[in-house]
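Following numbering that gives the first Met the number 0, the numbering of the sequence shown begins with 0 at its first residue and continues without gaps.
Worksheet: one structure, shown below.
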Amino acid sequence: MEEKEIDTKKPVKKGYRLLRIIAKIFLLIAISLVFLFFFIKSPWGQGIIIDKVTSYISNKTHTKVKIERLFLTFDGHLQMDGLFLEDAKGDTLIYSKSLEANVPLWAMIRGESIGVDALHWEGLRANIIRKDSVEGYNFQFLINAFTSEETHTLTPETTSAPLNINIGTLNFKDFDIVFEDAVVGIDSRFKIGTLDAEMKATNLETMTFEASKLQLSDAEIKFIQTLVAETKPDETQAPLPYLSVDNLTLTNIIADYKSVDDQIAAKINVNEFFAEIPKIDLSNNDFDVETFRLKNSSIILNTKTESNGSAKKTEGTKTNSDVFEWPDLKLAINTLDLENNAFSYLVDSAEPKAGVFNPDAVVLNGLNLKTNQIILKDKTAQLEMDYFTFQEISGLNLKELSLKLQIDDSTLKITDLKTALNNNQLNGYFRLDYLSLAALIKTPEKSKIDINIPTFQIALKELLRFDPNLKKNPYFDALSQHLLSGNVKAKGHLSDISIDNLNAHWSNTRISANGTIQNATDSKHIKFVIPNFSATTKRADLIKFMDEKALGINLPENIKLVGNINGNPNDIHTKTTLTTTQGLATLEGYVKNGKTIEFDTKLSIADYKLNELLQNDQLGNLSLIVKATGNGKNINALNIQAEGKVSDFTYNNYHINNLNLVGNIENGHGKITSQYKDHNLDMTLNAFVVLDTLAPEANVELDIAGANLKALGLMDRE
Numbered sequence: 000m001e002e003k004e005i006d007t008k009k010p011v012k013k014g015y016r017l018l019r020i021i022a023k024i025f026l027l028i029a030i031s032l033v034f035l036f037f038f039i040k041s042p043w044g045q046g047i048i049i050d051k052v053t054s055y056i057s058n059k060t061h062t063k064v065k066i067e068r069l070f071l072t073f074d075g076h077l078q079m080d081g082l083f084l085e086d087a088k089g090d091t092l093i094y095s096k097s098l099e100a101n102v103p104l105w106a107m108i109r110g111e112s113i114g115v116d117a118l119h120w121e122g123l124r125a126n127i128i129r130k131d132s133v134e135g136y137n138f139q140f141l142i143n144a145f146t147s148e149e150t151h152t153l154t155p156e157t158t159s160a161p162l163n164i165n166i167g168t169l170n171f172k173d174f175d176i177v178f179e180d181a182v183v184g185i186d187s188r189f190k191i192g193t194l195d196a197e198m199k200a201t202n203l204e205t206m207t208f209e210a211s212k213l214q215l216s217d218a219e220i221k222f223i224q225t226l227v228a229e230t231k232p233d234e235t236q237a238p239l240p241y242l243s244v245d246n247l248t249l250t251n252i253i254a255d256y257k258s259v260d261d262q263i264a265a266k267i268n269v270n271e272f273f274a275e276i277p278k279i280d281l282s283n284n285d286f287d288v289e290t291f292r293l294k295n296s297s298i299i300l301n302t303k304t305e306s307n308g309s310a311k312k313t314e315g316t317k318t319n320s321d322v323f324e325w326p327d328l329k330l331a332i333n334t335l336d337l338e339n340n341a342f343s344y345l346v347d348s349a350e351p352k353a354g355v356f357n358p359d360a361v362v363l364n365g366l367n368l369k370t371n372q373i374i375l376k377d378k379t380a381q382l383e384m385d386y387f388t389f390q391e392i393s394g395l396n397l398k399e400l401s402l403k404l405q406i407d408d409s410t411l412k413i414t415d416l417k418t419a420l421n422n423n424q425l426n427g428y429f430r431l432d433y434l435s436l437a438a439l440i441k442t443p444e445k446s447k448i449d450i451n452i453p454t455f456q457i458a459l460k461e462l463l464r465f466d467p468n469l470k471k472n473p474y475f476d477a478l479s480q481h482l483l484s485g486n487v488k489a490k491g492h493l494s495d496i497s498i499d500n501l502n503a504h505w506s507n508t509r510i511s512a513n514g515t516i517q518n519a520t521d522s523k524h525i526k527f528v529i530p531n532f533s534a535t536t537k538r539a540d541l542i543k544f545m546d547e548k549a550l551g552i553n554l555p556e557n558i559k560l561v562g563n564i565n566g567n568p569n570d571i572h573t574k575t576t577l578t579t580t581q582g583l584a585t586l587e588g589y590v591k592n593g594k595t596i597e598f599d600t601k602l603s604i605a606d607y608k609l610n611e612l613l614q615n616d617q618l619g620n621l622s623l624i625v626k627a628t629g630n631g632k633n634i635n636a637l638n639i640q641a642e643g644k645v646s647d648f649t650y651n652n653y654h655i656n657n658l659n660l661v662g663n664i665e666n667g668h669g670k671i672t673s674q675y676k677d678h679n680l681d682m683t684l685n686a687f688v689v690l691d692t693l694a695p696e697a698n699v700e701l702d703i704a705g706a707n708l709k710a711l712g713l714m715d716r717e
């Protein structure tokens, strides 16, 4: 029995002994790890580590290296404070106040990925400088020191798997990086207050960068390109990046940019910026922006004309204005919000001036813009603008602009249009239908138009901002004293536009018309048919354009002009009736002024009060009919046949009835004759005339066979 008990106990003792051995090993490892941990954490251990690291680097580079604190924990936590590294000339290359990184050691050991789960970096100072291509960059000594002298050539069969880069949370604070490269002409400096980023994906092979958060604040950026970049063909086509940011925030950013190559200088001050960008795919030109918001910021853009700078010139390139191609671009912006921003555009250092608009010196303040949708894709463009306002330094004040715009390869449509620029206003609807945009450019007359503008208001005085010389034009000066308002509705093809109604109002003057306009896009072949037009005005308006004293006349108080007109600027047919408080006049016929002059007209005047018109109480009412036809190469060579009859005319209370006039002019020379006889007057008139645009002549002979001067009211006795 005792032997059996001994046999059964032996295996148990061996098992416990093995467990004790394993436990002792783990205990030893644990004690070693704890000792190593405290060794790394202790000032004595850190001093040894730092001394080894700095001595190794210093001996390799023959430069001064300092590290105040350095340790790496087993969970991949790296801490380094007070790093200082000078360049070969003894100047500061890098200084880092504090660097803390969480490195995934096990993933790196297994070869799964490299990178950092979290990186906190504060107080970085870096100076990267290259003065020439011989010595290279000021960090070249580091590359030379740690590069093996032996060269290893990879066999063609040697391949490497794509490197998996893992980047998590980044927190940078108080950065000041100088990058100067005299070889390529770059002078730059990047001062960053804080930069926080939370990366979701990083793939250098596909150039994919996705972040859930990216925040930059209190930064000053300077980038100056002083030399013209020489572009060389790149045989290796690197993939363009793919970017996405769930939350992009910029606060208090100042940027200074200059480029000699592009002749552009820009100063940007971003106070508040926020964006949500689901996708920026540069390879496929696909941009998707959920929100884009800029507030209380400014942009100043300076450029130079090609003649004053060294801008690139393209020779041998030909452009065809008749060809249109939709851009290979997909763009979607859901919300664009600009609030209280400023924008300046200056060409050749032009100086902006108040009261005068200069397209080379545009300064916009109080710029506000809100859109709900901007889409460009699949040969379609859409825009919904809630409002757009700004104040331009010349005095232009855009108080309101809102619209909905849709463009595709067959239609351009603007709806809900409301705009107010200073005292100018326009509300309405516009639609243009065409076979294609290329066809619209090549044959615009085939396009169909539909316009409905319920209200418009034009302040002509605002044109003085664009051309101050208009102030010297007395007619424009008079027109600009009042607003021009009205409405218009038209539709049809550009080759045949039908104007349903057109109404215009200026001071006491009102104009209305309807009709058609043909070949509106071709000024040489334009035609118009206006079956009905009407214009009413008052003397108060006319005297602003006519000097009654100089003309020796007194205009009627009320004037109305109605009739029709058709033809073209060189061939006008009309029947127009003028009704005034002084009398009635009608003009009917046509006038052609092309290669030759041709006309056939009839003028009728009924009971017109000449005494009021000519301010002469001796004159009475006038009624007459004049018919005239003519033709010729010019005024100097006109052939005219004219007949006139004064049916009633009163002079000094004496009535003259049925006075006939006959004119016959050939090749610019001719005579006008008239014979009149009643029981108190017998006379014959012969006038010889010479038509000339510069020096016309007239020789008048009046033969009076008999006249009762008392009856005519010329004398008190017979």
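Quick reminder that beta carbons are idealized off the backbone N, C-alpha and C, glycines included.
Fair warning: this is a prediction, and the values are worked out from it, not measured in the lab.
If you draw a 10 Å sphere on the C-beta of A694, you find fewer than 16 other C-beta atoms in it, and that means exposed. Within the same chain, and ignoring the five residues on either side of N367 in sequence, the residues whose Cβ sits closer than 8 Å to its Cβ are L337, E338, N339, N340, Y386, F387, T388, F389. Membership of F140 in the alpha helix (DSSP H) is indicated by the continuous run 139–145. Between the alpha carbons of S497 and K526 lies a distance of about 12 Å. G394 and N423 have their C-alpha atoms roughly 13 Å apart. For the pair N531 and S511, the Cα-to-Cα distance works out to about 8 Å.
DSSP, reduced to helix, strand and coil, places P351 outside both helices and strands of the structure shown, so it counts as coil. For A477, the secondary structure class from DSSP, reduced to helix, strand or coil, is helix. In this structure, the CA atom of P240 is about 45 Å from the CA atom of N421. N58 carries a helical assignment under DSSP once its states are collapsed to helix, strand and coil. According to DSSP, S343 shares a beta bridge with I299, V362. V487 and N513 have their C-alpha atoms some 10 Å from each other. Contiguous beta strand (DSSP E) elements confined to the stretch 399–428 occur at 410–420, taking only those with 3 or more residues.
In this structure, the straight-line span from the alpha carbon of L637 to that of N615 is close to 34 Å.
For T515, the closest alpha carbon among the candidates M545, S479, I564 is that of I564. Among the bridge pairs identified by DSSP, K591 is matched with D570, E597. Of the candidates L402, F286, G81, F286 places its Cα closest to the Cα of A331. Nearest to I671 by C-alpha distance, out of H678, T248, G662, D677, is G662. Residue pairing for Y241: DSSP places it in a beta bridge opposite T207, D280.
Per DSSP, K548 is one residue of the alpha helix (DSSP H) stretching across 547–550. C-alpha of E179 to C-alpha of I392: approximately 38 Å in a straight line. Collapsing the DSSP output to three states places L368 in a strand. The DSSP-derived three-state label of D432 is strand. Taking the Cα positions, Q517 is about 42 Å away from S343. The beta carbons of A265 and I220 sit no closer together than 8 Å. Secondary structure note for N633: it is in no alpha helix (DSSP H), with a DSSP letter that is neither H nor E.
T225 sits close to V259, with the two beta carbons spaced by under 8 Å. S479 and A196 have their C-alpha atoms some 58 Å from each other.
Cα atoms of L554 and T649: separation of roughly 20 Å, rounded to the nearest angstrom. For N610, the enclosing alpha helix (DSSP H) covers residues 609–612.
A534: member of the beta strand (DSSP E) spanning 526–537, first to last residue.
Under a 10 Å Cβ-count criterion, M198 is classified as buried, with 16 or more other Cβ atoms of the shown protein chains found around its own Cβ. Of all alpha-carbon atoms in A584, V244, A181, the one lying nearest the alpha-carbon of S132 is that of A181. Note that the C-beta distance between E289 and S243 is not below 8 Å.
N502 has its alpha-carbon roughly 23 Å from the corresponding atom of D476. Note on geometry: alpha-carbon atoms of E67 and R292 lie some 43 Å from one another.
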